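One structure below.
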């Protein structure tokens, strides 16, 4: 089982590396958005807005990035998977791959964000930890929602509509955690937020693991 | 006679309206007479919850048996639950205007309830986008289970961890003071039971209408 998951993750990375369609597309999208925000705010932005804006950009970038997860697979490939693999392997591999993908995208966008809008982060390791936990949660939710939406007719609009309400608790907690990290507050104050984020992540991944097999039988 | 519970529902609601508006209530700062809204606002949410639990149970049942009957029950109860949720939001907004001065404040429980409304709106949009019955039932069952689990976290867990204006979480000390003196309990519990029965009545009617529509195809 773990062998198969590793092989699938490697396959996703290989496909991405060869074509780089998705990665460059999302990066250009994020950089353009950051530039537009920079011009709109004229570089003057206060700390809470900096944080909130960063996470809103991340939210939209994540929805776009993960949307193509299931939509892209051809019928023949899907039949191949169905014959040889357990559904749990497929969903876990996609979630893990998307976590890495989102983490890389968010790190690069953080660099550009700091370049344009200034660096207000006081506790960088904590902020990066929040980014990792947030990416994990986004990835899990969006991968499952992508699996649901890929089977409908209006999939791109539905992706956003289905995922936003479900992402709200995660987003709020992550924004709170990041803001505390930016303010440089101590671990003892902030770690409850991290526990909540990790708990939500674990719950979402468990739910996706249990529910995906029902979507699998096409 | 098999409609006894519907008559009971109507009687309980009439009782709660009349007694709720006429009986003596404890005097509390800020709230004053608006505390009577507790007989309307809270039962709306309890009813919505009860119907959503029905919806979730039948979504899970659908995934174990793939019977379209279960899917129909799940979706009709979700529709009825949404109506009660909207009523809960409206009564809450009215109450907020009189006590806190604004129709909406930035509070976790309020945000949670708004997010729940959005989730179920998305659920109905999902159902509308799929033609095939079995596929629609499967997709909506998976989504509603997924979303329900997260909404439970959002509405039950997060508010307890933060302080807020809304009673029942860290901040407001007034909640335990008016946490139902005996007189209010006499009206409150019947009101909750009455509204839940009433919600079930509406749900049963909608279910029968839906079945009749499908049979006449």
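Residue numbers (our numbering), protein chains in the order written: chain A, 1 to 218; chain B, 219 to 435. Glycine included, each C-beta is placed from N, C-alpha and C at the ideal position. Note that the coordinates shown come from a computational prediction; the quantities given were computed from them, not determined experimentally.
Quiz item: Is any beta-carbon of chain B found at less than 8 Å from that of residue 151(A)?
Solution: Counted from its first residue, the first chain places residue 151(A) at position 151. Closer than 8 Å: yes.
Quiz item: Where do the N-terminal and C-terminal ends of the alpha helix (DSSP H) with residue 417(B) fall, by residue?
Solution: If you number the second chain from 1, residue 417(B) lands on position 199. Here the alpha helix (DSSP H) through residue 417(B) covers 400–433.
Exercise. Say whether chain A places a C-beta atom closer than 8 Å to the C-beta of residue 327(B).
Key: As a position in the second chain, residue 327(B) is number 109, starting the count at 1. Using a CB distance cut-off of 8 Å, residue 327(B) does not count as an interface residue toward chain A.
Self-check item: Residue from 308(B), 302(B), 284(B), 431(B) with nearest C-alpha to residue 410(B)
Solution: Numbered from its first residue, the second chain carries residue 410(B) at position 192. Of 308(B), 302(B), 284(B), 431(B), the residue nearest in Cα terms is 302(B).
Self-check item: Interfacial residues, the region 342–354 of chain B to chain A, with Cβ spacing under 8 Å
Solution: Within the region 342–354 of chain B, the qualifying residues are 343, 344, 347, 348, 349, 353.
Exercise. For residue 356(B), decide whether its Cβ has a neighbour in chain A, counting only Cβ atoms nearer than 8 Å.
Key: As a first step, residue 356(B) is located in the second chain; it is residue number 138 there, counting from the start. Yes, residue 356(B) counts as interfacial toward chain A.
Exercise. Determine the chain A residues that contact residue 423(B) at a beta-carbon separation under 8 Å, and present them in chain order.
Key: Here residue 423(B) corresponds to residue number 205 of the second chain, with the count starting at 1. Correct list: empty, because the minimum Cβ distance to chain A is about 28 Å.
Quiz item: Can a CB atom of chain A be found closer than 8 Å to the CB of residue 388(B)?
Solution: In the second chain, counting from the first residue as 1, residue 388(B) sits at position 170. Below a pLDDT of 50, predicted positions are generally treated as unreliable, and residue 388(B), at 40, falls in that range; the measurement from the model is reported next regardless. Not closer than 8 Å to any Cβ of chain A, the Cβ of residue 388(B) fails to qualify, so no.
Quiz item: Less than 7 Å between the CB of residue 224(B) and some heavy atom of the ligand HEM, yes or no?
Solution: The ligand HEM is not among the ligands present in this structure, which contains no ligands whatsoever.
Quiz item: If you count every other CB in all the chains shown that lies within 10 Å of the CB of residue 331(B), and 16 or more means buried, which is it?
Solution: What you label residue 331(B) is simply residue 113 of the second chain in a count that begins at 1. Counting the other Cβ atoms within 10 Å of the Cβ of residue 331(B) gives 16 or more, which makes it buried.
Quiz item: So, using beta-carbon positions, are residue 356(B) and residue 110(A) closer together than 8 Å?
Solution: Numbered from 1 along the second chain, position 138 holds the residue referred to as residue 356(B). Numbered from 1 along the first chain, position 110 holds the residue referred to as residue 110(A). Against a cut-off of 8 Å, the Cβ pair of residue 110(A) and residue 356(B) comes out as no contact.
Practice problem: Anything in chain B within Cβ reach of residue 203(A), meaning under 8 Å, just list it in chain order. | Solution: For the purposes of this step, residue 203(A) is taken as residue 203 along the first chain, with counting starting at 1. The contacting residues are 367, 368, 371.
Quiz prompt | Three-way DSSP call (helix, strand, coil) for residue 289(B) in this model | solution = In the second chain, residue 289(B) corresponds to position 71, counting from 1. Under the three-state reduction of DSSP, residue 289(B) is assigned to helix.
Quiz item: Can the beta-carbon of residue 147(A) be found less than 8 Å from the beta-carbon of residue 201(A)?
Solution: One-based indexing of the first chain puts residue 147(A) at position 147. One-based indexing of the first chain puts residue 201(A) at position 201. If you check the CB distance, residue 147(A) and residue 201(A) do not come in under 8 Å.
Exercise. Could you please give the first and the last residue of the uninterrupted alpha helix (DSSP H) stretch that includes residue 257(B)?
Key: Within the second chain, the letter at position 39 stands for residue 257(B). Counting along the chain, the alpha helix (DSSP H) containing residue 257(B) begins and ends at 256–283.
Quiz item: Do residue 253(B) and residue 243(B) have their C-beta atoms closer together than 8 Å?
Solution: Taking the first residue of the second chain as position 1, residue 253(B) is located at position 35. Taking the first residue of the second chain as position 1, residue 243(B) is located at position 25. Going by C-beta atoms, residue 253(B) is nearer than 8 Å to residue 243(B).
Quiz item: In the structure shown, what three-state DSSP assignment does residue 174(A) receive?
Solution: Sequence index remark: in the first chain, residue 174(A) carries index 174 (1-based). The answer is helix: DSSP assigns residue 174(A) an H, G or I state.
Quiz prompt | For residue 76(A) and residue 372(B), the rounded distance between their alpha carbons | solution = As a working note, residue 372(B) is residue 154 in the second chain. As a working note, residue 76(A) is residue 76 in the first chain. When rounded, the distance between both Cα atoms is 40 Å.
Practice problem: Figure out for me which residue from 334(B), 295(B), 265(B), 257(B) has the closest Cα to the Cα of residue 275(B). | Solution: Translated into positions along the second chain, residue 275(B) becomes position 57. Considering only alpha carbons, the answer is 295(B).
Quiz prompt | Close Cβ partners of residue 64(A) (< 7 Å) along its chain, the five nearest in sequence each way excluded | solution = Mapped onto the first chain, residue 64(A) falls at position 64. In chain order, 26, 29 place their CB closer than 7 Å to the CB of residue 64(A), counting only its own chain and leaving out the 5 sequence neighbours on each side.
Exercise. May I ask you to report which of helix, strand or coil DSSP gives residue 91(A)?
Key: In the first chain, counting from the first residue as 1, residue 91(A) sits at position 91. Shown here, residue 91(A) sits in a helix according to DSSP, grouped into three states.
Self-check item: Expected contact under 8 Å - CB spacing of residue 271(B) and residue 425(B) to nearest Å
Solution: As a first step, residue 271(B) must be located in the second chain, where it is residue number 53. As a first step, residue 425(B) must be located in the second chain, where it is residue number 207. Wrong, their Cβ atoms sit about 16 Å apart, outside the cutoff.
Quiz item: In chain order, which continuous runs of the alpha helix (DSSP H) of length 4 or greater are located wholly inside the region 39–73 of chain A?
Solution: For the region 39–73 of chain A, whole alpha helix (DSSP H) runs of length 4 or above, ordered along the chain, are 47–71.
Quiz item: Does the Cβ-Cβ distance between residue 197(A) and residue 97(A) come in under 8 Å?
Solution: Position 197 of the first chain, counted from the first residue, corresponds to residue 197(A). Position 97 of the first chain, counted from the first residue, corresponds to residue 97(A). No. Outside cutoff.
Practice problem: Kindly list the residues whose CB is nearer than 6 Å to the CB of residue 399(B), restricted to its own chain and excluding five residues on each side of it in sequence; keep chain order. | Solution: Residue mapping note: residue 399(B) aligns to position 181 of the second chain, counting from 1. Counting only Cβ-Cβ distances below 6 Å, and skipping sequence neighbours, we find 244.
Exercise. From the DSSP output, in three-state form, read off residue 20(A) for me.
Key: On the first chain, residue 20(A) is found 20 positions in, with the first residue counted as 1. Reduced to three states, the DSSP call for residue 20(A) is coil.
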